[in-house]
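This report refers to the structure that appears directly beneath it.
Numbering (this note's numbering), first residue to last: 97 to 282.
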């Protein structure tokens, strides 16, 4: 309901929906981390990770990046859920790790978004992967899952100011590295 998502946004979660376990687990992890920090003085950090990708992802983990790449490399239909207008942003793993490292060396205990604020539709993302793989895949639409977020993009203002961090690897460069890894596995 808030776009882009800032750290002070508490979310809009259906606790009994199909995504409830995933959504509530993330909220619980943040809550228990802060409880340990406040109650026991544990030196904690909370990173809010937004779609991260890169080489060594599991081919069949069900996430959009390996799914689209594997389908494209096999020249199979690339499966979109819904009309593809939902948006996401993708952060290359090297950038994520750099953000983690910087946060670990900061004296800050509240959530910090680490992700790439460059947003595109899932349809655009699928078309980009098909083009980068040189695939003859076509797009195939399936019903959109219940409670699937319509938009997803981090506001990284805090990471920029607190950590002097922002992603550096372009989507094309990161996808080329990731596709090269998957070519040997598909």
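All C-beta atoms, glycine included, are put in the ideal place defined by N, C-alpha and C.
Endpoints, the alpha helix (DSSP H) within which residue 229 is located = Residues 218 to 229.
**Prompt:** Are the beta-carbon atoms belonging to residue 275 and residue 193 less than 8 Å from one another?
**Reply:** Going by C-beta atoms, residue 275 is not nearer than 8 Å to residue 193.
| Among 117, 264, 167 and 258, the one whose alpha carbon lies nearest that of residue 236 | Just measuring C-alpha positions, the residue of 117, 264, 167 and 258 sitting nearest residue 236 is 167.
Whole runs of the alpha helix (DSSP H) within the region 184 to 222, excluding any shorter than 4 residues
Within the region 184 to 222, the runs of alpha helix (DSSP H) at least 4 residues long that lie entirely inside it are, in chain order, 189 to 200.
Which whole-angstrom value describes the C-beta separation of residue 142 and residue 211, a residue pair presumed to lie in contact below a C-beta threshold of 8 Å? Between residue 211 and residue 142 the Cβ distance is about 14 Å, and since that is not below 8 Å, they are no contact.
Would you mind working out which of 257, 207 and 282 sits nearest residue 127, comparing C-alpha positions? Residue 127 has its Cα closest to that of 207, out of 257, 207 and 282.
Next item on the list: Could you name the residues that DSSP lists as bridge partners for residue 250?
Entry: When beta bridges are read from the DSSP output, residue 250 appears opposite 101.
Pull up the CB-CB distance for residue 226 and residue 174, whole angstroms please, since I reckon it's below 8 Å. The C-beta distance from residue 226 to residue 174 rounds to 6 Å, short enough to meet the 8 Å contact threshold.
Close-in-space but distant-in-sequence residues of the same chain around residue 182 (CB under 6 Å, 5 per side omitted): A distance below 6 Å between beta-carbons, with the five flanking residues on each side excluded, links residue 182 to the following residues of its chain, in chain order: 218 and 246.
#### Entry: Same chain, Cβ closer than 6 Å to residue 268, neighbours up to 5 away in sequence not counted
Result list for residue 268: empty, nothing under 6 Å.
### Query
Looking only at its own chain, which residues have a Cβ that is under 6 Å from the Cβ of residue 132, when we skip the five neighbours before and after it?
Taken in chain order, the residues that qualify are 138.
Q) Can you tell me whether residue 260 is buried or exposed, with buried defined as 16 or more other CB within 10 angstroms of its CB? A) Residue 260 should be labelled exposed.
With 16 other CB atoms within 10 Å as the buried threshold, where does residue 160 fall?
Flag for residue 160 reads buried.
Open item on the list: Is the beta carbon of residue 257 closer than 8 Å to that of residue 215?
Closed with: One thing to note: residue 215 has its Cβ no nearer than 8 Å to the Cβ of residue 257.
When burial is assigned at 16 or more other CB atoms within 10 Å of the CB, is residue 188 buried or exposed? Residue 188 sits buried, since 16 or more C-beta atoms from the chains shown fall within 10 Å of its C-beta.
Using CA atoms only, rank isn't needed, just tell me which of 240, 223 and 241 is closest to residue 234. Considering only 240, 223 and 241, the residue with the shortest C-alpha distance to residue 234 is 223.
Requested in this report: Would you identify the three-state DSSP class for residue 236, choosing helix, strand or coil?
Outcome: Under the three-state reduction of DSSP, residue 236 is assigned to strand.
Can you tell me whether DSSP reads residue 176 as helix, strand or coil?
Strand at residue 176.
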